[in-house]
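Undergrad:
There are 2 protein chains.
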Amino acid sequence: MPKTAPNNHHDAQAKLRHILRHATRVFSEKGYEGASIRDISRATGVSLSGLYYYFESKQKLLYLIQIHAFKSILKRLERRLAGVANPEERLRILVTNHVEYFLRHPMEMKVLAREEEFLEDPYRREVAEIKRRYYEMARRMFDEMRRAGRVRRVNPRVAVLSLFGMMNWVYKWHNPRVDPRAEHLAETLANIFLEGVANGHAGRGLRPVAIGRRAPSESARAAG
Amino acid sequence: MPKTAPNNHHDAQAKLRHILRHATRVFSEKGYEGASIRDISRATGVSLSGLYYYFESKQKLLYLIQIHAFKSILKRLERRLAGVANPEERLRILVTNHVEYFLRHPMEMKVLAREEEFLEDPYRREVAEIKRRYYEMARRMFDEMRRAGRVRRVNPRVAVLSLFGMMNWVYKWHNPRVDPRAEHLAETLANIFLEGVANGHAGRGLRPVAIGRRAPSESARAAG
DNA sequence: GTATTTTTCGAACGAACGTTCGACTCGAAT
DNA sequence: ATTCGAGTCGAACGTTCGTTCGAAAAATAC
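Residue numbers (numbering that gives the first Met the number 0), protein chains in the order written: chain P, 0 to 223; chain V, 0 to 223.
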């Protein structure tokens, strides 16, 4: 047996990933309700009934996509946050991580942002829970900033959810041909937010933070 | 004839409004693709075929809803802006107008925010055009602020679209039982944005603007 | 080689979809 | 009294939907 299939377990997993990748694209293009299993069959090359060997329902398929994306974002974020204590820096890392994932996986994010309400209660709850955990991370960073006196009087829930609004809206307008790349975009959003909630007097000014192994990016340039 | 139906023209218009109202609710609850004409028939009490006397297709129905909502927002905004010259004040009015409409007509706004890509090209273009006009209004206010030197170096397109992100995301999280009412919420969002893009040194500080005939609201209170 | 398990799929299920059509009602105009 | 057009609807059109099932094929174990 010189050729194919070294081992079933690996192959089955690989095929599931293949299906998830193409299903993500189809959902992002036509929406969850607008996309049919037949569309996904066509896109993956797997027969209609063959798909059901890998997931038991269309809902479960959406659930698998969403959970996978969230876990990826959270895992990467936790790795990047390790060892960083300053809450502003931590929030900047969260924004960079979010926006970077967004622009690197636009289809996943489109599905994540739009198709949440179609999950029903076994799945819905689990996705809601992981989303809540993500929000609470940002909220904790913000509360630490407040405790350190670096934030003016502002409703913290509204502030943090507005930050998510800025970040999550990006998929509606970002055009790679004219808009800044992830790192620069993240810096701009973080600057607007942090300055927007900052205590006027105590301000240490904007302080972009480099993450990963890249050099610090140039500061935001006015364009257009 | 003491009772009903003074005139057909009026009645037909009233019935169309009745249909649009209930269709908006159905779309906002189940999504455009998830809602069936039969759902709308059930919700309005009008028979399946009877509906088609008032609109020629499901698409057209969505189009009517979206156009109506946009025109309402724009009309109200233009009335409120009349006579106000200061660009910060104008932007604050835009935010208040937007958020107020949002919270007063949550279903319309949900449909507006989510179901844009389902329109096809006769309708799509027209809705996109009115949306562009709305964006350009905000963009022009922002550019005036820049010209007056009150904005730091920041990509204006990114800044303005981030403001829309904050505003448009509200429908995903706003809970009337725990979150601020429209006017207060609008003030917080406008503060975050205006401080977020403000020139550090030239700051005249936050200056909430009362609109309509209400007294100026108290400043944002930290909660939670 | 045979037995067993894992993977694949064609064909079909009943249900629901958007839309159409012809017939009906009924008040207004003649 | 009749004509007319606006408004209404039951029934049905053809299509597509998510899902199932039994059998074939491929891979693995014996």
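Positions of the beta carbon are idealized from the N, C-alpha and C atoms, including for glycine. Remember, it's a predicted structure, so these values are computed and weren't measured experimentally.
What's the gap between the Cα of residue 180 of chain V and the Cα of residue 187 of chain V?
TA: Whole-angstrom Cα-Cα distance: 11 Å.
Undergrad: Identify whether residue 235 of chain P lies in helix, strand or coil by the three-state DSSP scheme.
TA: This structure does not reach residue 235 of chain P, given that chain P is present from 0 up to 223, and the question cannot be answered.
Undergrad: For residue 161 of chain P, would you say it is in contact with chain V, using Cβ-to-Cβ distances shorter than 8 Å as the test?
TA: Chain V contact via Cβ: present.
Undergrad: How would you write the range of the alpha helix (DSSP H) that residue 97 of chain P sits in, first residue to last?
TA: Segment 86 to 103, the alpha helix (DSSP H) holding residue 97 of chain P.
Undergrad: Listed from N- to C-terminal order along the chain, which residues in the stretch 146 to 170 of chain V have their beta-carbon within a distance smaller than 9 Å of any beta-carbon of chain P?
TA: Per Cβ criterion, the list reads 150, 151, 152, 153, 154, 155, 156, 157, 158, 160, 161, 162, 163, 164, 165, 166, 167, 168 and 169.
Undergrad: Can you grab the Cα-Cα spacing for the pair residue 171 of chain P / residue 41 of chain P, in whole Å?
TA: So the alpha carbons of these two residues sit roughly 27 Å apart.
Undergrad: Please report the straight-line C-alpha distance between residue 110 of chain V and residue 193 of chain P, rounded to a whole angstrom.
TA: Cα to Cα, the separation comes out at about 31 Å.
Undergrad: Quick one: is residue 86 of chain V buried, meaning 16 or more other Cβ sit within 10 Å of its Cβ, or exposed?
TA: The residue is buried, with at least 16 neighbouring Cβ atoms inside 10 Å.
Undergrad: Is residue 13 of chain P buried or exposed, if buried means 16 or more other CB atoms sit within 10 Å of its CB?
TA: Result: exposed.
Undergrad: Going along chain P, which residues have a C-beta under 7 Å from residue 113 of chain V?
TA: The answer, in chain order, is 113.
Undergrad: Between residue 36 of chain P and chain V, is the shortest Cβ-Cβ distance under 8 Å, so that the two count as touching?
TA: Cβ-Cβ to chain V under 8 Å: no for residue 36 of chain P.
Undergrad: Would you mind sorting residue 177 of chain V into buried or exposed? The rule is 16 or more other CB atoms within 10 Å of its CB.
TA: Exposed, since its Cβ has fewer than 16 Cβ neighbours within 10 Å.
Undergrad: Can you tell me which of the three DSSP states residue 127 of chain P falls into?
TA: Helix.
Undergrad: Any Cβ of chain P within less than 8 Å of the Cβ of residue 178 of chain V?
TA: Taking Cβ atoms only, chain P reaches closer than 8 Å to residue 178 of chain V, which makes this a yes.
Undergrad: Where does the unbroken alpha helix (DSSP H) through residue 179 of chain P begin, and where does it stop?
TA: Looking at the DSSP string, residue 179 of chain P is not in any alpha helix (DSSP H), and its letter there is neither H nor E.
Undergrad: Strictly under 8 Å for the Cβ-Cβ distance: is residue 191 of chain P near chain V by that measure?
TA: By this cut-off, residue 191 of chain P is an interface position.
Undergrad: Mind checking which residues open and close the alpha helix (DSSP H) that includes residue 68 of chain P?
TA: Segment 57 to 80, the alpha helix (DSSP H) holding residue 68 of chain P.
Undergrad: With 8 Å set as the bound, which would you pick, yes or no: does the beta-carbon of residue 43 of chain V sit closer than that to a beta-carbon of chain P?
TA: No, no contact with chain P.
Undergrad: Check whether chain P comes within 8 Å of residue 83 of chain V, counting only Cβ atoms and requiring the distance to be less than that.
TA: So no, residue 83 of chain V is outside the interface.
Undergrad: Who are the Cβ neighbours of residue 159 of chain P in its own chain at under 8 Å, not counting the five residues just before and after it?
TA: Cβ within range, chain order: 134, 137, 138 and 141.
Undergrad: Count the other CB atoms, across all protein chains shown, that sit within 10 Å of the CB of residue 222 of chain P; report buried if there are 16 or more and exposed otherwise.
TA: Because residue 222 of chain P carries a pLDDT of 41, less than 50, the predicted location of this residue cannot be relied on, and the following value inherits that uncertainty. Answer is exposed; the Cβ neighbour count stays below 16.
Undergrad: Output yes if chain V places a C-beta closer than 8 Å to the C-beta of residue 98 of chain P; else output no.
TA: No, because no Cβ of chain V sits closer than 8 Å to the Cβ of residue 98 of chain P.
Undergrad: What number of angstroms, rounded off, separates the C-alpha of residue 96 of chain P from the C-alpha of residue 107 of chain P?
TA: Cα-Cα distance, rounded: 15 Å.
Undergrad: Alpha helix (DSSP H) containing residue 159 of chain V: first to last residue?
TA: Note, residue 159 of chain V: alpha helix (DSSP H), 155 to 172.
Undergrad: For a contact defined as C-beta to C-beta under 7 Å, what are the partners of residue 187 of chain V on chain P?
TA: Ordered by position in chain P, the residues that pass the 7 Å Cβ test against residue 187 of chain V are 153, 154 and 157.
Undergrad: Between residue 54 of chain V and residue 61 of chain V, what straight-line distance do the alpha-carbon atoms span, to the nearest angstrom?
TA: Each residue's Cα considered, the two are about 10 Å apart.
Undergrad: Among P:10, P:24, P:18 and P:15, which residue has its Cα nearest to the Cα of residue 104 of chain P?
TA: Taking only the C-alpha atoms, the option nearest residue 104 of chain P is P:24.
Undergrad: Count the C-beta pairs between the stretch 114 to 130 of chain V and the stretch 58 to 74 of chain V that are closer than 8 Å, then say yes if the count reaches three, no if not.
TA: In short, these stretches touch, since the Cβ pair count reaches three.
Undergrad: When DSSP builds the beta bridges, which residues end up paired with residue 197 of chain V?
TA: Residue 197 of chain V pairs with V:150.
Undergrad: Could you tell me whether the Cβ of residue 49 of chain P comes closer than 8 Å to any Cβ of chain V?
TA: Cβ-Cβ to chain V under 8 Å: no for residue 49 of chain P.
Undergrad: When the distance is taken between beta carbons, is residue 39 of chain P closer than 8 Å to residue 11 of chain P?
TA: Their beta carbons are not under 8 Å apart, which means residue 11 of chain P does not touch residue 39 of chain P by this criterion.
Undergrad: Would you give the residue range spanned by the alpha helix (DSSP H) that residue 49 of chain V belongs to?
TA: That run of the alpha helix (DSSP H) goes 47 to 50.
Undergrad: Measuring only the C-alpha atoms, how far is residue 165 of chain P from residue 195 of chain P?
TA: Going by the C-alpha atoms only, they are around 12 Å apart.
Undergrad: Compile a chain-ordered list of the residues in the stretch 109 to 138 of chain P whose CB is closer than 7 Å to at least one CB of chain V.
TA: Under the 7 Å Cβ criterion, the stretch 109 to 138 of chain P contributes 113.
Undergrad: Exposed or buried, which one is residue 47 of chain V when buried takes at least 16 other CB atoms within 10 Å?
TA: So residue 47 of chain V ends up on the exposed side.
Undergrad: Are the C-beta of residue 94 of chain V and some C-beta of chain P separated by less than 8 Å?
TA: No, its Cβ sits nowhere closer than 8 Å to a Cβ of chain P.
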